[in-house]
Each structure stands twice: as C-alpha cells, then as structure tokens.
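In my numbering, the protein residues as written are 1275 to 1685.
Each residue gets a CB set at the ideal place from its N, CA and C atoms; glycine is no exception.
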C-alpha cells in the first residue's frame, strides 16, 4: 500500500492547526463582542472543557489504536464533526444562551480535533520509521510547516474576510469545511497502512523516564505560547493602541514560524535536536524580554518581536514533537495512547492560560476594546503578555538542560 506523500501530511496538519490555536484567538473575542459574554465566564468554560480532556484524550488515544482496521471511516466521521462544530461556533446564531452554545460547539470541536490530532501524530511515528535515519525530523518539518501555514491562514482569514463579506466568521467556517475535505482525501492512503504490533499503553509511556521528562517539558514549554495566544489581540488593541493591525501582525508571526521550521530541521540534523531547541528557546526569551518595554505606538518594534518569537515557535513545533515521536518509536510504536497524553499536555496549557489570565485582567479593571482601561490594568496586561512567558521559558530551558537526549535515548 502506497503511503501519502509528505505534502499530504503538511495539508492535513494545516487543516488541524486551523481548528486549534486560532480558536483561542478568535472565539473568545467573538463571543465577547457579539454576544456580550464575560471574560471570566469564557475562561471558566474553556478551562472546564479542557478538564474533560484529562479523561478524553487518553481514551481517544486508546480508541484510535483499537479502531485501526476502521480508521478511514473513523477519520472521515471526525472530520465531519470538526467542520460541523466550526460552523456551529462561528456561522450559527446561538439558538440557546450564547455561553451554553459556546460550550456545546467547542465540545464537538475539541473531541474531533483531539481524535484527529492523536491519530495523525501516531500515524506519523510509523511513517517516519520507514524513512530511515532522521525520518522523524524530516516528517516533522513537513508537518509543522504545514501546521504553521494553516495557523497563519486561519489567524488572519477572518480579518481579511471583513472587507469581502458582512459575515466573515461564517465565510471562515465554510472555507474550513472545504479545506477539511481536501485534506482528508490527501491523507486517505496512510490510514490503511499496517499497524505496528501491540499497543502503546499509556502506563508504559509514563513508566519511561525520558518520556515523562519530555511530557513535562512539553507542558512547561507550551505554556508561554498559550499565554501569548490568549492575550495577543488584547495586547495589540489596548496596549499598543493599534486596532486593525492584529491580523497583519498575527500573519507575520505565524509566517515567520512556518519559514523557520525547515531551518530548525536542518539545524537539528547538523548539531542535534537539543542544541537547536535550546537556541530556539533563547530566542523566545530575548524577544519577549523586549516586549515588556512596549507601549502605545510601538508597532514596528512589536513587528520585529513577532518575527523573532515566530521563528522561536518554529523550533518548538518542529523539534519537540519529533523528539517525542522518536522516543515512542523505541518504546511504543503504535503511539496512539502516547499521543493522547501529548495532546492533553499541549491543550491543557491553553485552558490554564484562559482560566488564570482572563479573570486577572478583568479583576484589574481591563475593558476589551475600550480606551478607558486604567493604567494599572494595562501594566498587568504587559506583564502577563511578556514577562510571564519569559519566566516560564526559563523554567523550560532548565528542564531541557537536565533532560538526557542523545542517539541512545531518542534514536
């Protein structure tokens, strides 16, 4: 059975990415602006839904492995649920209380997204194993470049569509449905590839000291991205006083990440995954350290920070999943339950950021989209957006330095 070409992995990753991070960027603001839902209420709902993933993601990993014989049908069903949930979230006027509708549609979206992400990354372990030495990094470069381009498109599309239609988010949902169908077809060959013998068993993954350290590192290292993603639109609009530039700056950030991904893959092959990842983390700390100094009108310096922090994100997205996948190829080749744990860790940070940061801003007196926020609230916004990610990234650097990563541990 022929496997899907690597561009197929990039396209499927782009589709998944469009349903991931941009939802945390767009959805809360849409429901605040259009339906008057409070920030604290949205944060609580997002956190509650991610708590569901404590049980759901490992279970979906187990289900992904057991459904291998029927995986094409399972993937098709999950793609339909993902597209329908996106339409409900953005293209349908809530038929019930907006907060309840927000929770219901996100539940469908998160469940489909989780199953597809787990299955997709687990399938990548088997595919990369057929590519010879360095296969995990090469596949990750294709996959994460596609994901970052998908994030770029999804982040800026609603803003661009505002000049074309009176219902930009409905148009976004329709375009996403088309992309989902094309991506599913592009990956159809890989879902029928033979499975590795046995199952991954999350207990075996957690019993492995290297895997445990990588999961902890993923949790800490993803938290700064979750923080900045949650607060990005508010920072640009209220701290920089640059409303209307959110879309171009987001596009700059994600395109920088996408452009850097192949170079991080090349760096990893030349100097090793660990030194390359440490370099990316250092660049992130440097970028956000400067962001703490910004104020009204500092749009050009912030654009430079977007370039640098985007390049740093490219390292995180390319190298960490490749390192984890290489380790799973040694201890849990099917990797469904392993990536169930990985998926939970990655998404939990976004929920934690929402439930912690949005109420803090509201308590400080921050008013989204208004010029009447007190100076203290804007200082809190700057500290949360820039200083907190720097501190968290330093913890991630310390964890990475203490983690033994070499050819003997990750292959």
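What residue does the alpha helix (DSSP H) around residue 1419 start on, and which one ends it?
-> As a position in the chain shown, residue 1419 is number 145, starting the count at 1. Boundaries of the alpha helix (DSSP H) harbouring residue 1419: 1409-1435, taken from the DSSP string.
Between the C-alpha atoms of residue 1564 and residue 1445, what's the straight-line distance to the nearest angstrom?
-> As a first step, residue 1564 must be located in the chain shown, where it is residue number 290. As a first step, residue 1445 must be located in the chain shown, where it is residue number 171. Straight through space, the alpha carbons of residue 1445 and residue 1564 are spaced by roughly 37 Å.
Any chance the segment 1378-1387 sits against the segment 1407-1422, with 3 or more Cβ pairs inside 8 Å?
-> Touching, no, given that fewer than three Cβ pairs across the two stretches are closer than 8 Å.
With 16 other Cβ atoms within 10 Å as the buried cut-off, status of residue 1307 = Counting from one through the chain shown, the residue named residue 1307 turns up at place 33. Within 10 angstroms of the beta-carbon of residue 1307 lie fewer than 16 other beta-carbons, which makes it exposed.
Output the boundary residues of the alpha helix (DSSP H) element that contains residue 1367.
-> Position 93 of the chain shown holds residue 1367. No residue range can be given for residue 1367, since it is assigned to no alpha helix (DSSP H) and is classified by DSSP as neither H nor E.
Would you kindly report the start and end of the unbroken alpha helix (DSSP H) that includes residue 1341?
-> Stepping through the chain shown from its first residue, residue 1341 is reached at position 67. First-last for residue 1341: undefined, no H or E at that position.
Assign residue 1439 to buried or exposed, taking buried as 16 or more other Cβ atoms, counted over all protein chains shown, within 10 Å of its Cβ.
-> Here residue 1439 is taken as the residue at index 165 of the chain shown, counted from 1. Residue 1439 comes out exposed.
For the alpha helix (DSSP H) containing residue 1656, list its first residue and its last residue.
-> Along the chain shown, read from residue 1 onward, the residue named residue 1656 stands at position 382. Per DSSP, residue 1656 belongs to the alpha helix (DSSP H) from 1649-1656.
By DSSP, does residue 1575 sit in helix, in strand, or in coil?
-> Looking up residue 1575 in the chain shown gives position 301. Looking at residue 1575 - three-state DSSP - the assignment turns out to be helix.
Could you pull out every residue in the same chain whose Cβ sits closer than 6 Å to the Cβ of residue 1276, ignoring the five residues on either side in sequence?
-> Numbered from its first residue, the chain shown carries residue 1276 at position 2. Note that residue 1276 scores a pLDDT of 49, beneath 50, so its modelled location is shaky and nothing firm can be said.
Pair within 8 Å by beta-carbon distance, residue 1664 and residue 1528 | Counting from 1 along the chain shown, the entry for residue 1664 is found at position 390. Counting from 1 along the chain shown, the entry for residue 1528 is found at position 254. Going by C-beta atoms, residue 1664 is not nearer than 8 Å to residue 1528.
Going by alpha carbons, who is nearest to residue 1495 out of 1324, 1662 and 1402?
-> Working through the chain shown from its first residue, we reach residue 1495 at position 221. Ranking the options by Cα distance to residue 1495, first place goes to 1662.
Measure the beta-carbon distance from residue 1418 to residue 1592 and round it to whole angstroms, keeping in mind my assumption that it falls under 8 Å.
-> Within the chain shown, the letter at position 144 stands for residue 1418. Within the chain shown, the letter at position 318 stands for residue 1592. Contact flag correct, Cβ pair sits at about 4 Å.
What is the DSSP secondary structure of residue 1515, counted as helix, strand or coil?
-> Translated into positions along the chain shown, residue 1515 becomes position 241. Per DSSP, reduced to three states, the secondary structure at residue 1515 is coil, with no helix or strand assignment.
Stretch pair the segment 1520-1538 + the segment 1653-1661: three plus CB contacts closer than 8 Å = Contact between the segment 1520-1538 and the segment 1653-1661 is absent, because fewer than three Cβ pairs lie under 8 Å.
Local conformation of residue 1277 per DSSP, three classes | Position 3 of the chain shown holds residue 1277. At residue 1277, the pLDDT of 49 sits below 50, so the modelled position is not reliable and the matter cannot be decided from this model.
Given a cut-off of 8 Å, decide if residue 1500 and residue 1626 are closer than it, judged by their beta-carbon atoms.
-> Taking the chain shown and counting its residues from 1, the one referred to as residue 1626 is at position 352. Taking the chain shown and counting its residues from 1, the one referred to as residue 1500 is at position 226. Contact: yes.
Among the residues of its own chain, which have a CB less than 6 Å from the CB of residue 1337, if the five just before and after it don't count?
-> Looking up residue 1337 in the chain shown gives position 63. If we look at residue 1337 and ignore the five residues flanking it on each side, it has no Cβ neighbours.
For the alpha helix (DSSP H) that contains residue 1449, what are its first and last residues?
-> For the purposes of this step, residue 1449 is taken as the residue at position 175 of the chain shown. Bounds of the alpha helix (DSSP H) holding residue 1449 are 1442-1460.
In angstroms with no decimal places, state the Cα-to-Cα distance between residue 1557 and residue 1300.
-> Against the chain shown, residue 1557 aligns to sequence position 283. Against the chain shown, residue 1300 aligns to sequence position 26. Taking the straight line from one Cα to the other gives about 27 Å.
Sub-8 Å separation of residue 1480 and residue 1487 beta-carbons = Taking the chain shown and counting its residues from 1, the one referred to as residue 1480 is at position 206. Taking the chain shown and counting its residues from 1, the one referred to as residue 1487 is at position 213. In this structure, residue 1487 does not lie closer than 8 Å to residue 1480 by Cβ.
Please classify residue 1367: is it buried, with 16 or more other beta-carbons within 10 angstroms of its beta-carbon, or exposed?
-> The sequence position of residue 1367 within the chain shown is 93, counting from 1. Here residue 1367 is exposed. Its C-beta has fewer than 16 other C-beta atoms within 10 Å.
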